[in-house]
């Protein structure tokens with residue numbers, strides 16, 4: 131028993147030591163597929179120039195480990211993750227508000243700062259933007275792909291005449307992240323945007339615009355243009371085997387599609403009612419741990435070495451970022467790469483995903499609405515009305 135206690139104590143002390151602070155040394159956590167190696171090289175340059183070392187690590191279950199460590203006043207000095215957790219972590223006191231000068235901010239894509247702003251304060255540095263696009267198999271699309279969901283009926287008719295077994299369109303339609311662009315197209319919104327944040331009492335999930343978008347989705351399913359039970363895994367499998375013409379998906383699937391040999395391209399997300407599709411925009415960001423004793427070093431590393439055109443170009447060469455948040459680099463890459471150009475366009479048409487904790491309740495309410503409407507359990511009008519009520523009730527609890 132005594133040996134077991136000592137063994138457990140040693141494991142605990144090792145964990146504490148691993149997450150302990152080191153003055154004058156930066157500890158950085160980032161996922162291994164988001165430019166881990168390039169970030170390490172930037173850290174070496176920082177050490178050569180400044181004399182302060184930078185240790186870059188990745189972790190399994192990285193967000194939960196960060197949250198657990200930061201709650202104990204430990205963890206990395208710098209943490210890289212999508213911006214959607216910023217409100218939650220800021221409210222919990224896990225990350226530090228930042229003073230960012232206007233001339234530094236001016237070099238970034240403007241909407242990227244909206245993503246890292248919560249309650250009128252900045253809580254992170256934008257690194258890259260991403261949004262879903264319409265991805266199409268060039269074998270089945272001659273000319274421009276459909277720009278409106280309403281155009282899919284004619285597209286499907288022409289497709290079936292040549293390729294009877296090929297599916298026209300698929301996306302994971304019961305997942306709000308993928309279907310919301312069509313509701314937002316005509317003006318629906320999750321929470322009303324106000325100066326410095328969001329009014330969580332003002333939700334736009336059952337507006338006429340939202341109804342128009344959901345009805346368009348249901349019509350595609352009823353018309354047999356999009357098969358019932360369309361899921362992410364089924365969609366990606368069928369696109370990879372040449373059985374699908376169009377899908378809504380993000381830059382993360384490009385590598386696998388290229389490996390499959392499919393000749394594909396990307397286009398703006400189709401819209402509703404003559405408007406462009408408005409996807410949610412995610413912003414990969416760098417945050418500073420509130421308990422870090424190395425805040426000044428962290429800010430210097432991020433502002434002078436990482437979040438620059440040169441720094442983000444190096445990271446992108448290691449692991450494609452999507453659209454870099456530094457505007458000069460985003461413009462240059464968009465001019466050379468049509469995939470980046472279209473993703474950039476979709477970001478500009480889109481809306482920054484709210485970074486507030488209440489978004490979890492929005493996702494739950496809207497997923498239920500999409501599921502019941504697309505399965506025929508309720509009309510789109512009733513499904514959205516119930517979603518608004520369920521969202522309001524959950525926010526009041």
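Numbering (this note's numbering), first residue to last: 131 to 527.
By construction, the Cβ of each residue, glycine as well, lies at the ideal position given by its N, Cα and C atoms.
Below 8 Å on the Cβ atoms is my contact criterion, and I expect residue i with residue j to pass it. Report the Cβ-Cβ distance as a whole number of Å.
i, j, result
"residue 419", "residue 200", "6 Å"
"residue 267", "residue 374", "7 Å"
"residue 495", "residue 474", "Not confirmed; about 31 Å, so no contact."
"residue 480", "residue 261", "5 Å"
"residue 205", "residue 186", "No, residue 205 and residue 186 are not in contact; Cβ-Cβ is about 14 Å, not under 8 Å."
"residue 168", "residue 444", "5 Å"
"residue 365", "residue 302", "7 Å"
"residue 259", "residue 453", "4 Å"
"residue 306", "residue 493", "6 Å"
"residue 328", "residue 296", "Their Cβ separation, rounded to whole angstroms, is 42 Å, which puts residue 328 and residue 296 out of contact at 8 Å."
Whole angstroms is fine: what's the gap from residue i's alpha carbon to residue j's?
i, j, result
"residue 188", "residue 212", "15 Å"
"residue 336", "residue 435", "45 Å"
"residue 191", "residue 161", "9 Å"
"residue 292", "residue 451", "37 Å"
"residue 512", "residue 426", "53 Å"
"residue 322", "residue 330", "7 Å"
"residue 432", "residue 348", "46 Å"
"residue 372", "residue 387", "10 Å"
"residue 488", "residue 324", "15 Å"
"residue 222", "residue 153", "24 Å"
"residue 520", "residue 467", "43 Å"
"residue 77", "residue 294", "What the structure shows of the chain is the stretch from 131 to 527, and residue 77 is not part of that stretch, so it cannot be assessed."
"residue 497", "residue 396", "26 Å"
"residue 180", "residue 429", "13 Å"
"residue 361", "residue 178", "49 Å"
"residue 333", "residue 309", "17 Å"
"residue 209", "residue 462", "27 Å"
"residue 525", "residue 390", "44 Å"
"residue 284", "residue 207", "54 Å"
"residue 148", "residue 518", "The predicted position of residue 148 is uncertain, since its pLDDT is 47 and thus under 50; a value taken from the coordinates is nonetheless stated next. Cα to Cα, the separation comes out at about 45 Å."
"residue 263", "residue 379", "6 Å"
Output yes or no for whether 8 Å exceeds the beta carbon distance between residue i and residue j.
i, j, result
"residue 159", "residue 216", "no"
"residue 163", "residue 455", "no"
"residue 476", "residue 381", "no"
"residue 370", "residue 392", "yes"
"residue 356", "residue 265", "no"
"residue 228", "residue 197", "no"
"residue 315", "residue 184", "no"
"residue 464", "residue 471", "yes"
"residue 298", "residue 282", "yes"
"residue 410", "residue 483", "yes"
"residue 384", "residue 312", "no"
"residue 415", "residue 255", "yes"
"residue 276", "residue 423", "no"
"residue 340", "residue 318", "yes"
"residue 499", "residue 523", "no"
"residue 504", "residue 351", "yes"
"residue 442", "residue 230", "no"
Run the CB neighbour count on residue i, radius 10 Å, all protein chains shown included, and call it buried at 16 or more, exposed below.
i, result
"residue 342", "buried"
"residue 245", "buried"
"residue 406", "buried"
"residue 250", "exposed"
"residue 248", "buried"
"residue 304", "buried"
"residue 288", "exposed"
"residue 408", "buried"
"residue 440", "exposed"
"residue 421", "buried"
"residue 438", "buried"
"residue 354", "exposed"
"residue 233", "exposed"
"residue 202", "exposed"
So what's residue i in DSSP terms, helix, strand or just coil?
i, result
"residue 247", "strand"
"residue 415", "strand"
"residue 472", "helix"
"residue 301", "coil"
"residue 355", "coil"
"residue 377", "strand"
"residue 499", "helix"
"residue 402", "coil"
"residue 145", "Low local confidence applies: a pLDDT of 43 at residue 145 is under 50, so the model's placement there is unreliable, and no value is given."
"residue 256", "strand"
"residue 306", "helix"
"residue 180", "helix"
"residue 161", "coil"
"residue 461", "helix"
"residue 231", "coil"
"residue 486", "coil"
"residue 319", "strand"
Using a Cβ-Cβ distance cut-off of 8 Å, determine whether residue i contacts chain C.
i, result
"residue 238", "Annotation note: the requested chain C is absent from the structure, which comprises a single protein chain."
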